[in-house]
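One structure is given here, and the rest of the page talks about it.
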Ligand code: GLU
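Numbering (this note's numbering), first residue to last: 1 to 469.
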């Protein structure tokens, strides 16, 4: 039987969830979902000075928005120090770690000497075979092998070979008893049974040390994959000057989470030349083999185009849920009901973001229409009063309020008034929306409904009348 894939996402809560982190989370989540495996969330909050609860909350909020759900956790490294100590004890008792009491001055001198002789500044093993016991100022060092080599079998980068002679007897527990980063990660990954580690290649330098720890602890190695960083259009590492970095900023700008996921996945994974994917399709198609070796370039224009496509292609019921907060922000109390879904259908071809869609949707919910001054001046003129009244009568007489019957009613009015549709469509549009740009006239009228349309046309007729006097 094939073993169940268990992946993880271990963010450090020192800021919001950024684009690169979200992509790492997504790859691990997709792979777990694709294989019907498990996805574990772990908060790496050992850097007490920089970790905050606000960051943890922000990261969880961003993951929830993206729909990246976890099967286990969140675990917090800050609550696991006993487990780390237990493993450090194990390494000490098997002779694979040792106490070191070298002072800062000794270490500085060691580094100085190494630099003068052109060597790599690394610990020279002074305490390695002294068999020292624990003291207040002692750190614990890992006894790294002196010969041979360590191989990272990276599913993205291929084999990476590191001669062990280049490695150091690195510290696994500081003198204050706190374990170091690499030790904590390995103990976590072992005890959480993580067997697949996909992460940014900024971590590739840690991996050989981590492999040595796995070996020392007699634990099977996970599959490693180091994904190239996300770059800006200028090919520099993605940073604030390339635009918003935080995932929730994209939510607030009106991106659909599935569009954002679709864009993120394409920053390092491909499936032929397909660009558009639904979430289910991604789960179905995601494999590690298709992770690319070259860095993804973050391009906000492409993201925007993809968002527009997702807005167009998503079922209105899915869009509605995400549109509501944008309507609320604009003081419009709407529900994700059938009315809102119908509203969305008329706007989805013309909205690149949910913010744009909300702006365009407000007239549907308004209790009174405020006319754009220029539009009213140009289109709500006395000459249109008569045809408008004819139209009101024709619409009042309709039993069925659908597009074909509306087209007929308009046709009859046009004929009686001796006017072309173009001449009355704009005044009607201004009467119903207050503006000169809106969704298609008939579809919009159907969605607004007979009563509202008649009421708004009557208001416009009154406006014209008052204007005459
Ligand atoms: N906590 C690390 C980070 O946020 C991730 C470490 C890992 O994936 O092993 O970059």
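For glycine and all other residues, C-beta sits at the position ideal for the given N, C-alpha and C.
According to the DSSP secondary-structure assignment, residue 97 is paired through a beta bridge with 142. Shortest gap from the CB of residue 247 to any heavy atom of ligand 1: 8 Å or more. Taking 8 Å as the cut-off, the C-beta of residue 206 counts as close to a heavy atom of ligand 1. Shown here, residue 44 sits in coil according to DSSP, grouped into three states, outside any helix or strand. Judged by DSSP secondary structure, residue 188 falls within the alpha helix (DSSP H) whose first and last residues are 181 to 191. Remark: the shortest separation between the CB of residue 19 and any heavy atom of ligand 1 does not fall under 8 Å. In this structure, residue 135 has its beta carbon at no less than 8 Å from each heavy atom of ligand 1.
Taking 8 Å as the cut-off, one finds at least one heavy atom of ligand 1 near enough to the beta carbon of residue 200. In the pairwise beta carbon analysis, the stretch 86 to 100 is classified as touching the stretch 134 to 151: at least three pairs are separated by under 8 Å. By the criterion of a C-beta distance shorter than 7 Å, residue 368 is surrounded by no residue of its chain, once the five residues flanking it on both sides are discounted.
Looking at 20, 57, 72 and 56, the one whose alpha-carbon comes closest to that of residue 37 is 72. Annotation for residue 213: 186 place their beta carbon closer than 6 Å to its own, counting only its chain and skipping 5 residues before and after. Listed as beta-bridge partners of residue 8 by DSSP are 40. The Cβ neighbour count for residue 220, taken over all protein chains shown within 10 Å, is under 16; the residue is labelled exposed. The C-beta distance from residue 375 to residue 420 rounds to 19 Å, too long to meet the 8 Å contact threshold. By the Cβ neighbour-count rule, residue 115 is exposed, with fewer than 16 other Cβ atoms within 10 Å of its own. In the structure shown, the three-state DSSP call for residue 147 is coil. In terms of side-chain proximity, the C-beta atom of residue 44 is found nearer than 8 Å to a non-hydrogen atom of ligand 1.
The beta-carbon separation of residue 231 and residue 23, rounded to 12 Å, does not stay under the 8 Å limit for a contact. At least one heavy atom of ligand 1 lies less than 8 Å from the C-beta of residue 24.
The distance from the Cβ of residue 192 to that of residue 8 is about 7 Å, consistent with a contact at the 8 Å cut-off. Under the 10 Å beta carbon count, residue 277 is surrounded by 16 or more other beta carbons and is classified as buried.
The C-beta separation of residue 271 from residue 285 comes to about 5 Å, placing the pair in contact by the 8 Å criterion. At the C-beta level, residue 291 and residue 39 stay beyond 9 Å of one another.
Here the C-alpha atom of residue 463 lies approximately 16 Å from the C-alpha atom of residue 391. Apart from the 5 residues on each side of it in sequence, residue 33 sits with its Cβ closer than 6 Å to the Cβ of 283 in its chain, given in chain order. Inter-residue distance for residue 460 and residue 385 is about 9 Å (C-alpha atoms, whole angstroms). The residue from 174, 411 and 224 with its alpha-carbon nearest to that of residue 155 is 224. In the same chain as residue 217, and ignoring 5 residues on each side of it, no C-beta atom comes closer than 6 Å to its own. Listed in chain order, the non-local C-beta contacts of residue 330 below 8 Å within the same chain comprise 358, 359 and 362, local neighbours out to five positions each way being set aside.
Residue state for residue 21 is assigned as helix, using DSSP reduced to three classes.
In its chain, beyond the 5 residues on either side, 345, 346 and 403 have a beta carbon closer than 8 Å to the beta carbon of residue 443. Residue 446 holds the alpha-carbon nearest to the alpha-carbon of residue 409 among 439, 383, 446 and 381. Here residue 182 has 206, 209 and 210 as same chain residues with Cβ atoms under 6 Å from its own Cβ, once five neighbours each way along the sequence are excluded.
Residue 84 and residue 149 have their alpha carbons spaced roughly 26 Å apart.
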